[in-house]
Amino acid sequence: MAALCVLRAALCRAAPWGRRAASGGSVPQRIEEKRRAALLGGGQSRIDAQHRRGKLTARERILLLLDPDSFDEYDMFVEHRCSDFGMDSSKNKDFTVFGGSLSGAHAQKICKVMDQAAMVGAPVIGLNDSGGARIQEGVESLAGYADIFLRNVLCSGLVPQISLIMGPCAGGAVYSPALTDFTFMVKDTSYLFITGPDVVKSVTNEDVTQEQLGGAKTHTAVSGVAHRAFENDIDALLNLREFFNYLPLSNRDPAPVCECHDPSDRLVPELDTIVPMESTKAYDMLDIIRSIVDEREFFEIMPSYARNIVVGFARMNGRTVGIVGNQPKVASGCLDINSSVKGARFVRFCDAFNIPLITFVDVPGFLPGTAQEYGGIIRHGAKLLFAFAEATVPKITVITRKAYGGAYDVMSSKHLRGDANYAWPTAEVAVMGAKGAVQIIFRGKETDAEAEYVDKFANPFPAAMRGFVDDIIQPSTTRMRICHDLDVLASKSQANPWKKHANIPL
Amino acid sequence: MAAVLVLRYGARGGRRALRETFEKLLIANRGEIACRVIKTCKKMGIKTVAIHSDVDANAVHVKMADEAVCVGPAPTSKSYLNMDAIMEVIKKTRAQAVHPGYGFLSENKEFARRLAAEGVTFIGPDTHAIQAMGDKIESKLLAKNAKVNTIPGFDGVVKDADEAVRIAREIGYPVMIKASAGGGGKGMRIAWDDEETREGFRFSSQEAASSFGDDRLLIEKFIDNPRHIEIQVLADKHGNALWLNERECSIQRRNQKVVEEAPSTFLDSETRRAMGEQAVALAKAVKYSSAGTVEFLVDSSKNFYFLEMNTRLQVEHPVTECITGLDLVQEMIRVAKGYPLRHKQADIPINGWAVECRVYAEDPYKSFGLPSIGKLSQYQEPLHVPSVRVDSGIEQGSDISIYYDPMISKLITYGSNRAEALRRMEEALDNYVIRGVTHNISLLREVIIHPRFVQGDISTKFLPEVYPDGFKGHQLTDHERRELLATAASLYVAEQLRSQRFLGTPRIPIAKSKRSSWELSVHLGDGIYPVAVSKDGSSFSVEVDGMKLNVTSEWNLALPLLSVTIDGTQRTVQRLSRDASGKTSIQFLGTVYKLQVLTKAAAELSKYMPEKAAEDTSSILRSPMPGAVVAVSVKPGDMVSEGQEICVIEAMKMQNSMIAAKTGKVKAVHCKAGDTVGEGDLLVELE
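Protein sequence lines correspond, in order, to chains A and B.
The opening residue of the first sequence carries number 1 in UniProt numbering; numbering runs sequentially from there.
The opening residue of the second sequence carries number 1 in UniProt numbering; numbering runs sequentially from there.
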């Protein structure tokens with residue numbers, strides 16, 4: 001891990017209960033004994049139990065997450081009222097010690113690490129595997145949670161915060177991941193819920209398993225609480241390493257630029273024919289994204305949730321970019337409640353951390369219907385609008401086909417301060433599709449105005465004539481254009497009016 | 001390169017000899033053969049008209065032609081076989097001639113007749129020859145009369161075993177005996193002597209009576225270990241005909257040719273001449289004009305027997321062009337225009353050796369090739385390898401669809417001798433980039449390096465004989481495995497090193513030490529191999545199985561082709577995929593290997609990871625959204641291939657194509673056109 005290898009990271013780990021210092025012996029002897037005891041965490045039998053559950057211990061997880069020899073553990077000797085110290089940034093609850101339940105001492109260690117991370121500008125990674133508050137410690141442990149929540153909030157937008165859920169994470173503990181920027185889960189061995197199946201049964205009389213209630217599938221596909229799920233601990237940690245390299249260390253850094261072997265002026269000839277000629281036919285927006293970005297590598301965020309919008313990270317000429325695209329393959333790429341919220345949160349993350357936004361537009365509009373209206377599509381759709389309008393990072397937009405109605409405005413349009421807005425020759429920027437428009441304009445009357453409408457509006461000219469798109473470009477040149485624009489826009493400086501904070505329609 | 005070869009070998013005489021030609025020619029075909037014909041037309045200064053179906057609107061042949069007209073929707077019966085629509089286009093564009101390519105309408109006498117009625121020239125033989133050769137019985141009769149060797153045999157009621165023996169002796173052993181009514185090889189017995197003939201007679205006549213209620217028996221010369229060798233002929237309308245040597249097409253699967261070459265390793269000049277002369281005799285007997293092919297079966301003692309005559313340009317014609325220097329399409333056009341042949345038999349050389357591989361979008365691990373479909377996300381032909389010709393009609397971004405033949409291209413290499421041609425073929429196959437669809441490069445490469453093939457010891461049974469349990473890809477030797485492991489490990493390290501090189505604003509620079517060695521563990525197949533890599537300047541020193549290998553490369557991780565030198569041996573490998581968890585697939589020696597590269601620490605901890613049963617969702621298809629079913633393209637019992645469209649759901653005025661996640665048989669269909677379905681509704685089940 002490029003960043004963490006140059007950071008010293010601290011492990012937060014409570015020393016074992018009942019293994020208080022053996023009395024007597026020389027000081028060096030006592031140091032050795034304590035170190036040995038600490039390395040065993042909850043003892044070999046508990047380590048074995050963790051392994052039997054298909055999980056790794058905190059120490060093993062750290063070993064995989066970080067580059068070898070880059071981790072200095074501090075305060076192995078701290079016992080219950082402990083405080084732990086390090087320059088960064090990997091907070092971790094060790095399940096072999098008390099089921100990773102949170103003690104006051106534990107919380108204090110986490111807070112110290114987070115304070116340090118905020119100060120130096122280093123990302124915070126939490127590996128969560130915790131039973132919740134340590135009931136034995138009562139209110140002290142609740143206070144501990146609140147201390148962590150506060151720091152999550154204060155760090156938000158300052159340094160990237162990533163939570164990896166690697167075991168049960170229940171009760172108060174869930175709000176820390178919820179406050180971080182990204183939550184990843186391990187399939188089959190991790191759960192996130194406010195209250196477990198037993199309490200659910202006693203309160204609402206629902207029968208539900210842990211997996212159904214708060215497993216990786218539930219949160220990545222249904223609730224949208226988690227952003228990605230991985231096969232097992234190793235897979236998750238290795239993916240986290242990869243993901244980390246897309247991010248700047250803090251909001252003070254620009255988007256990172258990696259060594260790139262993929263030529264920035266590479267033409268992508270297949271894009272010239274990728275949009276089907278019939279406007280009712282779908283295509284895969286991921287094909288477009290993969291063919292444009294460096295080496296076809298795209299780290300998708302929330303791939304199983306609200307699939308009608310695609311968001312994720314990629315690189316263009318080595319520089320990290322955030323990509324947002326309507327997905328015509330799923331529900332025609334329309335905007336609905338879930339896709340608006342998914343898109344909005346992603347856009348705000350990119351804006352907070354100086355990551356340029358590239359938006360691919362093929363949107364037939366907002367999804368109509370009572371379910372959507374009752375659910376508050378107006379309020380939720382406004383989030384995406386708000387996020388794009390507020391963003392001051394470089395914004396490049398490519399309209400591949402439909403850009404209809406209000407959804408056109410929302411999708412990083414010129415009017416929302418888009419820096420470079422392009423249309424492909426297949427673009428149709430209009431209030432709505434020809435058929436619907438003609439039905440409304442000539443209500444009830446027989447007319448053949450549809451062809452006229454198509455001729456007038458179902459093309460990129462009206463928008464281009466008004467300067468709402470900056471250019472109509474040959475699709476094969478899209479990568480070249482975007483890479484060039486990103487170079488020019490690297491020094492973009494734009495600020496919103498001073499305010500305490502804006503009031504996004506939550 | 002294709003054009004270059006054709007120009008080099010085909011321009012002789014060129015336009016000088018051809019004072020007047022057609023002004024405009026329509027190609028009633030698609031894909032590579034349409035492109036092939038257009039190339040020659042361009043060379044001859046003939047304007048071209050392409051026809052296409054709606055899904056082919058952006059196809060390469062459409063872009064290459066001077067004019068293109070859509071003749072209907074995707075199914076061939078409604079487009080490329082739609083004679084009415086094609087006749088209409090011919091009238092509208094005023095094309096004076098039609099080249100039919102191969103397949104589609106190329107051997108359709110009705111099409112030839114309609115063209116003739118409109119005064120449009122058909123680039124091919126006249127209707128009479130098409131008809132005569134299109135009929136199995138008539139063509140055999142014609143061949144017999146023209147003194148062409150045919151497979152001797154008897155078809156009728158055999159009184160008793162003695163008569164069977166008499167017939168068998170007349171034909172000459174070995175003979176094949178079976179019930180006439182039994183199709184294919186069913187109930188077939190081979191007899192090598194009188195005794196076996198009697199036994200075969202008993203068995204077959206019983207079966208004939210009991211199974212088919214038809215007493216007739218077929219006793220025919222059994223061609224043992226047959227080769228499929230064909231003679232290219234070229235004839236004009238003035239009674240001249242030439243034979244342009246042979247093509248060896250024995251490497252076949254399910255009666256489809258896979259690898260072809262010219263000349264054949266098997267024929268001596270005497271046999272070649274005998275076959276050529278018989279082929280010409282047959283052509284003359286049917287007053288053949290244009291290019292045609294006479295197919296023979298050749299047994300192990302070089303006896304040859306007429307099989308059939310194809311009255312069109314063959315798929316594998318390029319190998320003949322390479323060794324003779326003729327442009328067959330150009331000759332066909334000249335002949336059709338009425339010019340006499342401009343060569344004498346003595347002018348037809350065998351210059352060097354040419355090999356053709358048919359590159360298909362298919363999975364060679366299933367019955368030597370089941371079609372696969374998809375979009376060519378990356379595509380690059382190996383034209384930088386010397387003496388390579390690629391005849392193709394697709395490009396990066398093209399779709400290989402279920403509607404048409406899944407052939408991607410014909411890859412032809414040429415050399416002064418067979419070894420050179422094969423060596424170039426090996427290099428060309430390694431340098432061919434095809435991504436997005438499954439392809440048969442692995443099978444092709446294995447065939448051309450197989451010792452039996454290299455020695456010329458082949459027959460039409462080559463594939464099932466060499467791979468009795470099916471094709472399973474290249475089998476690595478210990479040394480090759482070490483090379484692959486070293487390559488994968490080096491790629492992993494190169495990627496790791498690159499991911500730490502940030503440009504511009506650096507990451508916080510407190511690295512404790514610069515890393516120069518890695519202890520890795522590589523999974524390949526069922527094995528786990530410890531691999532140690534240490535960086536040694538620009539190359540890697542890799543230790544596998546206690547052996548040290550030196551691996552050098554430019555390590556450009558974006559290029560689809562990666563040239564790696566391992567202890568002095570240059571290999572062209574392709575890294576098809578990689579992911580964060582170390583999984584990677586690498587095409588090495590033509591075969592794609594799946595590997596996982598982990599650090600030693602991660603590999604050791606892997607043992608604690610739970611084994612997960614793969615959830616099989618590929619056999620059920622659920623509606624991903626609410627909508628209306630517009631069309632269902634399968635019914636229970638149908639075979640579908642992976643990626644094939646099963647039904648179309650319309651939602652928000654958009655048509656969404658639902659595709660099969662695997663190849664299999666349809667078990668049940670739970671929807672019909674017009675149904676409204678909700679999200680998650682079961683649509684179709686596969687077995």
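Glycine included, each C-beta is placed from N, C-alpha and C at the ideal position.
Close beta carbons around Glu20 of chain B, own chain, < 8 Å, minus the five adjacent residues each side: Lys337
At least three beta-carbon pairs within less than 8 Å, the segment 272 to 283 of chain B to the segment 365 to 379 of chain B: Touching, no, given that fewer than three Cβ pairs across the two stretches are closer than 8 Å.
Continuous alpha helix (DSSP H) assignments of at least 4 residues falling wholly in the segment 423 to 509 of chain B: 441 to 449, 451 to 455, 462 to 466 and 478 to 499
Positions along the segment 575 to 601 of chain B whose CB lies within less than 7 Å of some CB in chain A: Ala580, Ser581, Gly582 and Ala601
Cross-chain neighbours of Asp336 of chain A in chain B, by beta carbon under 7 Å: The premise fails here: Asp336 of chain A is roughly 11 Å from chain B at the closest Cβ pair, so nothing lies under 7 Å.
Option in A:Gly43, A:Glu297 and A:Ala352 with minimal Cα separation from His501 of chain A: A:Ala352
Three-way DSSP call (helix, strand, coil) for Gln252 of chain B in this model: strand
Same chain only: Cβ atoms within 6 Å of Leu506 of chain A, ignoring 5 sequence neighbours per side: none
Coarse secondary structure for Asp84 of chain A, derived from DSSP in three states: Low local confidence applies: a pLDDT of 30 at Asp84 of chain A is under 50, so the model's placement there is unreliable, with the coordinate-based value given in what follows. Asp84 of chain A falls in the coil class under three-state DSSP.
Beta carbon proximity, Ile441 of chain A to chain B, threshold 7 Å: Interface annotation, Ile441 of chain A: not in contact with chain B, CB-CB separation never under 7 Å.
Beta carbon proximity, Val256 of chain A to chain B, threshold 7 Å: According to the sequence displayed, residue 256 of chain A carries Pro and not Val. Answer yes: the Cβ-Cβ gap between Pro256 of chain A and chain B drops below 7 Å somewhere.
Residues of the segment 514 to 536 of chain B with Cβ closer than 7 Å to any Cβ of chain A, in chain order: none
In chain order, each alpha helix (DSSP H) run of at least 4 residues that lies wholly inside the segment 326 to 392 of chain A: 337 to 352, 370 to 375 and 377 to 390
One or two residues paired with Ala403 of chain A in a DSSP bridge: A:Val363 and A:Val429
Which of helix, strand or coil DSSP assigns to residue 523 of chain A: Not covered by the structure: residue 523 of chain A. The range shown for chain A is 1 to 506.
Sequence-distant residues of its chain with Cβ nearer than 7 Å to Ser89 of chain A (five each side left out): In this prediction, Ser89 of chain A has a pLDDT of 42, which is less than 50 and means its spatial position is unreliable; what the coordinates show is noted afterwards. Excluding residues within five positions, the ones whose Cβ falls inside 7 Å are Leu7, Ala9, Val113, Ala117, Ala122, Pro123, Val124 and Ile125.
Whole alpha helix (DSSP H) elements within the segment 269 to 307 of chain B, 4-residue minimum: Counting only runs of 4 or more, we get 269 to 285.
Cβ of Asp48 of chain A within 7 Å of any chain B Cβ: no
Neighbour flag for Asp262 of chain A against chain B, beta carbons, 7 Å: yes
Minimum Cβ-Cβ distance from Met425 of chain B to chain A less than 7 Å: no
Cutoff 7 Å: Leu486 of chain A Cβ touching any chain B Cβ: no
Cα-Cα separation between Val669 of chain B and Glu685 of chain B, rounded to whole angstroms: 6 Å
Cross-chain neighbours of Thr273 of chain A in chain B, by beta carbon under 8 Å: Residues of chain B passing the Cβ test: Asn58 and Gly397.
Chain B contacts made by the segment 308 to 322 of chain A, where a contact means CB separation under 8 Å: Gly318
Beta carbon of Asn656 of chain B nearer than 7 Å to that of Ala221 of chain A: Taking 7 Å as the Cβ cut-off, Asn656 of chain B and Ala221 of chain A do not qualify as a contacting pair.
Contact list for Asp233 of chain A against chain B, beta-carbon separation under 9 Å: Leu605, Tyr608 and Met609
Option in A:Arg479, A:Lys109, A:Ala464 and A:Cys155 with minimal Cα separation from Leu249 of chain A: With distances taken between Cα atoms, Leu249 of chain A lies closest to A:Cys155.
Met302 of chain A beta carbon less than 7 Å from that of His227 of chain A: yes
Alpha-carbon spacing of Ile38 of chain B relative to Arg443 of chain A, whole angstroms: 51 Å
Residues from the segment 275 to 290 of chain A in contact with chain B, defined by Cβ distance under 9 Å: The residues in question are Met277, Glu278, Ser279, Thr280, Lys281, Ala282, Asp284, Asp287 and Arg290.
Any chain A beta carbon closer than 7 Å to Phe502 of chain B: yes
Closer than 7 Å to chain B by CB, Pro497 of chain A: So, not an interface residue.
Candidates B:Gly101, B:Ser499, B:Ala532 and B:Ile402: closest to Ala489 of chain B by CA position: B:Ala532
The segment 626 to 641 of chain B / the segment 596 to 608 of chain B touching (three or more Cβ pairs under 8 Å): no
Secondary structure of Glu230 of chain B, DSSP reduced to three states: strand
Proximal residues to Ile223 of chain B (C-beta, below 6 Å), its chain only, five neighbours per side dropped: Correct list, in chain order: Leu297 and Asp299.
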